[in-house]
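Residue numbers (numbering that gives the first Met the number 0), protein chains in the order written: chain L, 0 to 444; chain P, 0 to 444.
Even glycine gets a Cβ: it sits at the ideal position worked out from N, Cα and C.
Model, not experiment: these values are computed from the prediction.
Remarks on the structure that follows.
Number of protein chains: 2
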Amino acid sequence: MKIVRAQDFDLKREVEYGSVEQNAAVRQIVTDVKREGDAALLRYTEQFDRVRLDAGALRVTEAELKAAYDHVEPSFVTAISAAAANIRAFHARQKRNSWMDLQPDGSLLGQIIRPLKRVGVYVPGGKAAYPSSVLMNVIPAQVAGVPEIVMVTPPATGGKEGIDPYILVAAAEAGVNEIYRIGGAQAIAALAYGTDTIVPVDKICGPGNIYVALAKREVYGVVDIDSIAGPSEIAVLADDSADPAYIAADLLSQAEHDEMASAILVTPSATFASACQAEVERQLAELPRRDIAATSIADYGAIVIVDSIDEGIEVINRLAPEHFELIVEDPLVYLGKIENAGAIFLGPYSSEPVGDYFAGPNHIIPTNGTARFSSPVDVDDYIKKSSLIYYSKEALLANGETIMELARREGLEGHARAIEVRLRKEESQSGTALEGKAGAYDGDK
Amino acid sequence: MKIVRAQDFDLKREVEYGSVEQNAAVRQIVTDVKREGDAALLRYTEQFDRVRLDAGALRVTEAELKAAYDHVEPSFVTAISAAAANIRAFHARQKRNSWMDLQPDGSLLGQIIRPLKRVGVYVPGGKAAYPSSVLMNVIPAQVAGVPEIVMVTPPATGGKEGIDPYILVAAAEAGVNEIYRIGGAQAIAALAYGTDTIVPVDKICGPGNIYVALAKREVYGVVDIDSIAGPSEIAVLADDSADPAYIAADLLSQAEHDEMASAILVTPSATFASACQAEVERQLAELPRRDIAATSIADYGAIVIVDSIDEGIEVINRLAPEHFELIVEDPLVYLGKIENAGAIFLGPYSSEPVGDYFAGPNHIIPTNGTARFSSPVDVDDYIKKSSLIYYSKEALLANGETIMELARREGLEGHARAIEVRLRKEESQSGTALEGKAGAYDGDK
């Protein structure tokens, strides 16, 4: 793991948007499913997933869900259910109420906050089929009050018997009961446009391969989508009060994700840097996924030497990492100075996997520097707001002329007249001169 | 204005993403500004805006801002300042605090809510230069606490003297003091990538022509952008307790925006429908922007007859209109049933221009059916959240084995080891068997 000085360190990664061929293939699939519905959906499922189904068999049955519980260890059920409870408790604290501001003139202004009506969650097949991601995508939607949460996942990910039972148990623990065995760009298109079998959704969430990501971009606008995640990242800022074995293990836990993952240690201590470097080498040699982790460490890993913790914080703010561990003697001193980080882990016991699996906060967190302007998934991602305006007669009489002045200034006479027609009517009905009522307005017309 | 039955009514509009040539032109401009900085910015400003500037002259001076006040009527200053106060008060109610959940085991979990650091607001030139939009884009950012708000607007929109003084006064009243005379795709690129003169921003907001919209899409990911607005829309649901003159005026106030704007009346009364139809004709004839409004009404206007107010609500929910006026005898009865509407205006005095200019809620509202899943601009659009995890030693000892089980189930041994290294160290230090401590976990390992 290379050691560099802060001034020589720069992490730049280009975002992947797929090849021309991949984009064209996805557009074709999306267009076909939009036009042909189930027929195209089943055709592409046979072509890509090598599973021949009819439309009636797309939905996972209640019996399959029940059976999944017999295929997994009871300890897994206990663990996933404990994690689900923590995630639910944390997200429940994010719920907001609709509110109103009641004005003395009788007007009411407010924001109405409602859950989205129907949300689709994509769960990839293969090695990236993570039960924890099912919880992290589904539970915030459920807490938000989304009445219809539908999951899609490629068929036959659990071998001949059907879908991976761990995924099904996670879905059931999270509270999903509408699941379809479809995957890839065709599943995204079916969720966005609907088919005879699949009712279309308002938003599509969840990770997937490049075809899934491109399909989500393609249908964005028809439905909402979550952000498209880049490779995972950790940055650790530690001083020599930290244990190099902890730091190395945390860096490697990120590096094992994939070759493009990034693990960065920032420290003011050159001695500590060397100790961590040695620990990474030692632990790497014994890691099952050492090939992946070694590539990630070589290509995107670094130990950055800074002059002070404060300079370290500046490096972190520049990186805006997805995960940030602050393992220094008095972390609270620096908390207020951290401007950009998706998730902040404080102290020696807050190892990143604590947040990945269990503590409660979401593990879907902005990557690739976007923590500068975006946020971990939470309940807000599954709600929509409507403004509420109830204007009283008194308020309109008091402010109508002001509103008309602003409208006319913008050349929008029709806007002014929508107010004027009301003022004139009230004027004629009350027999009073308008000017006498418009007390709140004091301009020089 | 055509009258149709609900079952025969469908509003479908395709979203405009520009021609191949426009996309190519924008990509070229963005690439050039990214690479050449000020040189390209000034070159394109000369080419498109016909104004030759050097970099030192790009920023609007304090003296120009002051002078703008001498060019506008005092009544305008009074009006815009009253509107700004209302918008500020409404958005101030949306502010949220960072929060923490303190667990009995000593752990702290929370969300840290921070303003974005630097936001760019685009203000178009020409007829679409609306002072009210300056307020609606800037004030929520300011209320959120964004320390740096920078405005860009094409040069010479106020004739030979420089920038439209009404825009400058609105900017000053909203609290912007960093303004650059640049516009078009080149301004968007400069905000996203920065130049020697322009410090790059975290998010770009504000309306613009097709080149501006395409440039925002192009830089999305490098910075955040607001949503790209479609043509404006109003839907009114009214019974015969309403005044046809009010309804017609409100429909026309939307139709005058542009030829693509949409104005829909939904009503259970055929008599009332005819009365409104006649009123629209009568008022249209006298409207300064009657050519625009007439095209809009002919192409995208309709009066939809429904069997009941409840069926009317269903039509509204299907439309998910940007603006929705509910002018029926007891509007509160129906409020809970409105699922999809960007802004809801209740009762006869809540004419849409009340919200466009003055009441306080934002006038930047989702269009084209996207109110199904998105929301009016508010303070949330200018903040970012970080998760906070401080896990106590006690919590890690109690839950470590569960976390390891979940990690290993996903094949991520490195994740499990980041926990294990800590458990083993504590175990060796305390001399106690680990199992004795892991009381919260009851699985069958």
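Separation of P/P347 and P/T266 (C-alpha to C-alpha, rounded to the nearest whole angstrom) is 15 Å. Within the segment 344-358 of chain P, the residues whose Cβ lies closer than 9 Å to some Cβ of chain L are F344, L345, G346, P347, Y348, S349, S350, E351, P352, V353, G354, D355, Y356, F357 and A358, listed in chain order. Under the 7 Å criterion on CB atoms, L/R216 is classed as non-interfacial with respect to chain P.
Residue-level contact by beta carbon fails for P/V198 and chain L, as no gap is shorter than 7 Å. Ranked by Cα distance from L/T44, the options L/L57, L/R34 and L/K33 are led by L/L57.
Neighbourhood of L/I418 in chain P, by CB distance below 7 Å: S350 and P352, in chain order. Of P/E35, P/Q102, P/I209 and P/I148, the smallest CA-CA separation from P/Q21 is found for P/I209. Separation of the CB atoms of L/P139 and L/Y390 is rounded to 35 Å, and the pair is thereby denied contact status at 8 Å. As a beta-bridge residue in DSSP terms, L/K202 pairs with L/V118 and L/D223. At a cut-off of 7 Å between beta-carbon atoms, L/N398 makes contact with chain P. In the displayed model, L/F323 falls within a strand according to three-state DSSP. About 4 Å separates the beta carbons of P/S261 and P/E232, which is inside the 8 Å limit, making them a contact pair.
DSSP, read as helix, strand or coil, puts P/S252 in helix. Shown here, L/L57 sits in coil according to DSSP, grouped into three states, outside any helix or strand.
When DSSP assignments are scanned along the segment 337-423 of chain P, the uninterrupted stretches of beta strand (DSSP E) that are 3 or more residues long and fall wholly within it turn out to be 342-345 and 382-389. Straight-line measurement puts the Cα of L/I304 at about 31 Å from the Cα of P/V145.
Two segments are said to touch when three or more pairs of C-beta atoms, one from each, lie closer than 8 Å; by this definition the segment 393-402 of chain P touches the segment 416-423 of chain P. Annotation: P/E232 is outside any alpha helix (DSSP H); the continuous beta strand (DSSP E) that includes it extends over E232 to A237.
Measuring C-alpha to C-alpha distances from P/A274 to each of P/A244, P/L40 and P/A301 identifies P/A244 as the nearest. When DSSP states are grouped into helix, strand and coil, L/E20 belongs to the helix group. In the DSSP assignment, L/A143 falls within the unbroken alpha helix (DSSP H) covering P130 to A143.
Among the residues of the segment 108-126 of chain P, those with a Cβ less than 8 Å away from any Cβ of chain L are L108, Q110, I111, R113, L115, K116 and K126, in the order of the chain. Sorting P/L264, P/A254 and P/V25 by C-alpha distance to the C-alpha of P/D239 places P/L264 at the top. In summary, L/V19 is exposed, with fewer than 16 beta-carbon neighbours lying within 10 Å of its beta-carbon over all protein chains present.
The beta-carbon of L/K202 is placed less than 7 Å from the nearest beta-carbon of chain P. Using a Cβ distance threshold of 7 Å, L/I197 and L/A212 do not count as a contacting pair. Put simply, the backbone Cα of P/D31 is about 39 Å away from that of L/P123.
Under the 7 Å criterion on CB atoms, P/T366 is classed as non-interfacial with respect to chain L. Contact between the segment 49-68 of chain P and the segment 33-41 of chain P is established, with three or more Cβ pairs separated by less than 8 Å. L/T266 is bridged by DSSP to L/I304. Listed in chain order, the positions of the segment 206-239 of chain P with a beta carbon within less than 8 Å of a beta carbon of chain L are G220, V222 and D223.
For L/D100, the uninterrupted beta strand (DSSP E) segment begins and ends at W98 to L101. Counting only Cβ-Cβ distances below 9 Å, P/N361 has contacts in chain L at S386, in chain order. Burial check for P/S350: the Cβ neighbour count within 10 Å reaches 16 or more, so the residue is buried. With a beta-carbon spacing of about 5 Å, P/H322 and P/A342 fall inside the 8 Å limit used to define contacts.
At a cut-off of 7 Å between C-beta atoms, L/I291 does not count as an interface residue with respect to chain P.
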